[in-house]
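Q: For the record, the sequence lines run as chains A and B. Those letters in the first sequence? Residues 51 to 164, by our numbering. Those letters in the second sequence? Residues 5 to 120, by our numbering. A virtual CB, placed ideally from N, CA and C, is assigned to each residue, including glycine.
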Amino acid sequence: SQTIHQWPATLVQPVGSPLSLECTVEGTSNPNLYWYRQAAGRGLQLLFYSVGIGQISSEVPQNLSASRPQDRQFILSSKKLLLSDSGFYLCAWSSPRRDSSPLHFGNGTRLTVT
Amino acid sequence: AQSVTQPDIHITVSEGASLELRCNYSYGATPYLFWYVQSPGQGLQLLLKYFSGDTLVQGIKGFEAEFKRSQSSFNLRKPSVHWSDAAEYFCAVGSILTGGGNKLTFGTGTQLKVEL
């Protein structure tokens, strides 16, 4: 069966520091991968998605970037964190088929920028 | 562009009572619809999905949802709520992204509280 791992679970970082959140998927090949951010009372916002190694699409302009160095690894990064980057970050994967397969989420990372 | 509205931010029900969480969507084509549940500090778990066919779909944990095209709704129901159902519930509509991949657009969620 497929599993998704996301770490760390909690992170407190000062403003201006770098960020690296990692997500890996097991039990499937060539998954679609996603980074979402969840802010209180605002639902989930899609930040990045990837349909293959080295391919990244950004949904919203922001202080963050994403990379996919391996088929089942997805990394969310920032060179200098802003206070507004605080939030709950969720990684997800879906079937590589083009139809609207459901997304399967990791347990998330709570990021607090101080 | 697609959108999802969950008009109820908070709902409180007694254990054993029935539950209905409302969801309205806006989408130009036949929608793919989903309900997810999130416990505090956790990721989202898929409850059920609608792609086509029977408009009443069954999910996990005794939940069901009914797709009503005429009302652009996809309400979630459960006949008898358990205390463990207390969580936040998200409705989502799916669409195909340019270049492949699927985008889920989520509502802002409904927080369910269960009174014992």
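Nearest-angstrom Cα distance between Ile64 of chain B and Lys53 of chain B?
A: Roughly 10 Å between the two C-alpha positions.
Q: At a Cβ threshold of 8 Å, is Gln62 of chain B touching chain A?
A: False, the Cβ-Cβ gap to chain A never drops below 8 Å.
Q: Could you tell me if Val61 of chain B is buried or exposed, where buried requires 16 or more neighbouring beta carbons within 10 angstroms of its beta carbon?
A: Classification for Val61 of chain B: buried.
Q: From this set, A:His154, A:Ser67, A:Leu140 and A:Ser70, which residue's C-alpha is nearest Tyr86 of chain A's C-alpha?
A: Cα-wise, what sits closest to Tyr86 of chain A is A:Leu140.
Q: Checking 8 Å against the spacing of the C-beta atoms, do Leu161 of chain A and Ser134 of chain A come in under that value?
A: Contact: no.
Q: Count Cβ pairs between the stretch 77-84 of chain B and the stretch 101-109 of chain B that sit closer than 8 Å; are there 3 or more?
A: The stretch 77-84 of chain B is not in contact with the stretch 101-109 of chain B.
Q: To the nearest whole angstrom, what separates the beta carbons of Gly158 of chain A and Gly47 of chain B, a pair I think is in contact under 8 Å?
A: The pair is a contact, with the Cβ atoms about 5 Å apart (cut-off 8 Å).
Q: Does the structure place the stretch 15-29 of chain B close enough to the stretch 106-117 of chain B that three or more beta carbon pairs sit under 8 Å?
A: Verdict: yes, contact present.
Q: Could you pull the start and end residues of the beta strand (DSSP E) that Arg87 of chain A belongs to?
A: Here the beta strand (DSSP E) through Arg87 of chain A covers Asn82 to Gln88.
Q: Please go through the same chain and pick out, in chain order, the residues whose beta-carbon is closer than 8 Å to the beta-carbon of Ala116 of chain A, but skip the five residues on each side of it.
A: Taken in chain order, the residues that qualify are Trp85, Leu97, Phe98, Ser100, Ile106, Ser108, Phe124, Ile125, Leu126 and Ser127.
Q: Under a CB-based cut-off of 8 Å, is Asn80 of chain A close to chain B?
A: It does not; no Cβ of chain B falls within 8 Å.
Q: Looking at the secondary structure, which residues open and close the beta strand (DSSP E) in which Lys130 of chain A lies?
A: Per DSSP, Lys130 of chain A belongs to no beta strand (DSSP E) and is neither H nor E.
Q: Would you say Phe94 of chain B reaches chain A, if we count a Cβ-Cβ gap shorter than 8 Å as a contact?
A: Chain A contact via Cβ: present.
Q: Within the same chain, show all residues whose beta-carbon is closer than 8 Å to that of Ala59 of chain A, passing over the 5 residues directly before and after it, in chain order.
A: Excluding residues within five positions, the ones whose Cβ falls inside 8 Å are Asn157, Gly158, Thr159 and Arg160.
Q: Distance, Cα to Cα, Leu108 of chain B vs Ser151 of chain A?
A: Roughly 10 Å separates the two Cα atoms.
Q: For the beta strand (DSSP E) containing Arg160 of chain A, list its first residue and its last residue.
A: Thr159 to Val163 is the span of the beta strand (DSSP E), which, as asked, contains Arg160 of chain A.
Q: Quick one: which chain B residues come within Cβ less than 7 Å of Arg92 of chain A?
A: Per Cβ cutoff of 7 Å: Thr112.
Q: Report yes or no: is there a C-beta of chain B within less than 8 Å of the C-beta of Ser51 of chain A?
A: Not one chain B Cβ lies under 8 Å of Ser51 of chain A.
Q: Tell me which residues share the same chain as Tyr29 of chain B and place their Cβ nearer than 8 Å to its Cβ, disregarding the 5 neighbours each side in the sequence.
A: Within the same chain, Tyr29 of chain B has close Cβ partners Gln6, Ser7, Val8, Thr9, Pro35, Leu37, Ser76, Ser77, Phe78, Cys95 and Val97.
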